[in-house]
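Here the sequence shown is numbered in the working numbering, starting from 171 and rising by one per residue.
Note that CB positions come from ideal geometry on N, CA and C, so glycine has one too.
Heads up, the thing below is written out as structure tokens.
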Amino acid sequence: MSRIYIAYTGGTIGMKLTDHGWAPAPGFLAEQMAAMSELCHPSMPEYVIDEFDVLLDSSNMIPADWARIASSIAANYDGYDGFVVIHGTDTMAYTASALAFLLEGLDKPVIVTGSQIPLCEVRNDGRSNIVTSLLVAATQPIPEVTLCFGDRLLRGCRSVKVSATGFDAFDSPNHPPLGKVGVDIEIAWPLVRKPSPGGLKLHGIGHPVVGALRLFPGITAELARNVLQPPIQGLVLEAYGVGNAPERNPGFIAAIRDAIERGVVIVDCTQCLRGSVDLGDYATGSVLARAGVISGFDMTAEAALTKLVHLFSRGLSPDEVKSQMQLDLRGELTR
Ligand code: ASP
Numbered sequence: 171m172s173r174i175y176i177a178y179t180g181g182t183i184g185m186k187l188t189d190h191g192w193a194p195a196p197g198f199l200a201e202q203m204a205a206m207s208e209l210c211h212p213s214m215p216e217y218v219i220d221e222f223d224v225l226l227d228s229s230n231m232i233p234a235d236w237a238r239i240a241s242s243i244a245a246n247y248d249g250y251d252g253f254v255v256i257h258g259t260d261t262m263a264y265t266a267s268a269l270a271f272l273l274e275g276l277d278k279p280v281i282v283t284g285s286q287i288p289l290c291e292v293r294n295d296g297r298s299n300i301v302t303s304l305l306v307a308a309t310q311p312i313p314e315v316t317l318c319f320g321d322r323l324l325r326g327c328r329s330v331k332v333s334a335t336g337f338d339a340f341d342s343p344n345h346p347p348l349g350k351v352g353v354d355i356e357i358a359w360p361l362v363r364k365p366s367p368g369g370l371k372l373h374g375i376g377h378p379v380v381g382a383l384r385l386f387p388g389i390t391a392e393l394a395r396n397v398l399q400p401p402i403q404g405l406v407l408e409a410y411g412v413g414n415a416p417e418r419n420p421g422f423i424a425a426i427r428d429a430i431e432r433g434v435v436i437v438d439c440t441q442c443l444r445g446s447v448d449l450g451d452y453a454t455g456s457v458l459a460r461a462g463v464i465s466g467f468d469m470t471a472e473a474a475l476t477k478l479v480h481l482f483s484r485g486l487s488p489d490e491v492k493s494q495m496q497l498d499l500r501g502e503l504t505r
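Written out as structure tokens, the structure is:
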């Protein structure tokens, strides 16, 4: 029988209603799961729940929490066949992306899941998300960090939250799902990455200073200069369309150029859900390329931000970060 390690970090799935709204409650998820008869079915794996000592609404997560989840998986890696991370949906795509970078060389499945409605409600999506995640972790040896939600299994570092209320809350718009959950669970094996031979390598997280800036019509040079002030090291610029920005605002472009000259790494991603950045397409994009902005290709903003955190945490120089940002490390970008 397979053994699954569950890292329970918080999220709606295990929440209770308090005077201030829904909030995580210690022991409550384990209690609910113990009462789920389907988890005792002979086809289900054995599992242990490692409840984190502070359960979080994922809106409270910080990069140190990603490191904590990754190190708990690494510490239990040899004792289990698969890993399920129970997490809030709000920042689940960031955590799934970060885990993909922090857990290099996986040869066992790591599945991140949660729900839109708590398990304690009569109608909820948590039951099926937990059952499916445990079954997939036990029976499908996918050597990747994936996100299991509703009827899909997505590559973690391609995922985005696309619905605040629907049961199909996540999508990976620039990559087909790795699995479809219907009458059968169908895995698209040709899309799944091969396990790397070197074994698991856990990466830590330091204290890099990175950020994200979403362009909007009328953005000022002053705002860009403020965001790009030292000690910032890296910025995800969420630009328009194929990566365009207001070239007729010379002050804005100068703010970008000055920051790059100081060593700040600026990665251009698109605000669009689908498609890739191409800084050679328009004058409004090539102006950024000439200033030294690098392309994020079809990476999600979540993947780009967590990748910057990961690469700067490895102590790489700005030039090394720039070159690694443009490489496909975990299936996060298409080139
Ligand atoms: N605010 C919750 C969280 O991210 C939402 C959820 O889990 O669905 O923890």
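In terms of residues, what are the limits of the beta strand (DSSP E) holding residue i?
| i | result |
| --- | --- |
| T179 | 173 to 180 |
| W359 | Run containing W359: none; DSSP gives neither H nor E here. |
| A195 | First-last for A195: undefined, no H or E at that position. |
| V224 | 216 to 226 |
| L209 | Looking at the DSSP string, L209 is not in any beta strand (DSSP E), and its letter there is neither H nor E. |
| L317 | 315 to 319 |
By the DSSP assignment, the alpha helix (DSSP H) with residue i in it spans what residues?
| i | result |
| --- | --- |
| R427 | 420 to 431 |
| E408 | It is not in any alpha helix (DSSP H) - E408 instead sits in the beta strand (DSSP E) that spans 404 to 409. |
| M185 | Note, M185: premise wrong, no alpha helix (DSSP H); beta strand (DSSP E) at 185 to 188. |
| T544 | Only positions 171 to 505 of the chain appear in the structure, and residue 544 is not among them; the question remains open. |
| V491 | 488 to 495 |
| N299 | 296 to 309 |
| I239 | 233 to 245 |
| T476 | 471 to 483 |
Nearest CA to the CA of residue i: which residue from the options?
| i | options | result |
| --- | --- | --- |
| K477 | T454, M214, W236 | W236 |
| A266 | T309, A473, S487, E490 | A473 |
| R384 | R395, E408, I312, S366 | E408 |
| L323 | P288, C290, G284 | G284 |
| G369 | Y247, E208, T179 | Y247 |
| N344 | F222, T188, Q441 | Q441 |
| I402 | R427, N419, V435 | V435 |
| P378 | L209, G197, W192, P233 | P233 |
| D428 | R395, I219, D321 | R395 |
| P488 | G433, C327, D321, P346 | G433 |
| K492 | M185, P420, L405, R363 | L405 |
| D220 | R325, Y250, S342 | Y250 |
| V218 | P212, M231, L187, Y178 | Y178 |
| F467 | D498, H190, I355 | D498 |
| I355 | M171, Y410, F319 | F319 |
| F337 | G374, S298, C327 | S298 |
| T261 | E417, G421, K331, P420 | K331 |
| A212 | A334, W192, S172 | Strictly speaking, residue 212 in this sequence is Pro, with Ala absent from that position. Among A334, W192, S172, the Cα nearest to that of P212 belongs to S172. |
| C290 | Q310, D223, M203, S333 | M203 |
| R328 | I423, F340, I426, A425 | F340 |
| V437 | E417, V463, K278 | V463 |
| Y122 | S465, D277, P400, P367 | Here the chain comprises residues numbered 171 to 505, so residue 122 is not present and cannot be evaluated. |
Mind checking whether residue i and residue j have CB atoms under 9 Å apart?
| i | j | result |
| --- | --- | --- |
| L398 | L272 | no |
| V301 | M206 | yes |
| I183 | G258 | yes |
| R500 | E314 | yes |
| I430 | A453 | no |
| T316 | V353 | no |
| I243 | E216 | no |
| G349 | V412 | no |
| T470 | A263 | yes |
| G455 | N414 | yes |
| F253 | G376 | no |
| I287 | L199 | no |
| A195 | V479 | no |
| A270 | E490 | no |
| S303 | R325 | no |
| L486 | Q496 | no |
| P365 | G275 | yes |
| G374 | E392 | no |
| L458 | I423 | yes |
| A334 | M214 | no |
Residue i bridges to which residues according to DSSP?
| i | result |
| --- | --- |
| E291 | Partner(s): none; E291 has no beta bridge. |
| E392 | In the DSSP output, where bridge partners are listed per residue, E392 has none listed. |
| S366 | In the DSSP output, where bridge partners are listed per residue, S366 has none listed. |
| E274 | K371 |
| V255 | A177, V282 |
| D382 | It should be noted that the sequence gives Ala, not Asp, for residue 382. Answer by DSSP bridge pairing, in chain order: V406. |
| G349 | L323, I357 |
| V330 | D341 |
| D438 | L407, S465 |
| G191 | T188 |
| N414 | Y410 |
Is any non-hydrogen atom of ligand 2 found closer than 8 Å to the C-beta of residue i, if you look at the structure I gave you?
| i | result |
| --- | --- |
| T259 | No copy of ligand 2 occurs in the structure displayed; its ligands are ligand 1 alone. |
Problem set entry | Any 3 or more C-beta pairs closer than 8 Å across the segment 385 to 405 and the segment 358 to 372 | no
For this session: State whether the segment 227 to 241 contacts the segment 287 to 296, with contact taken as three or more CB pairs (one from each stretch) at a distance under 8 Å.
Result: no
Exercise. Looking at C-beta atoms only, is the number of pairs between the segment 231 to 246 and the segment 447 to 457 that lie closer than 8 Å three or more?
Worked result: no
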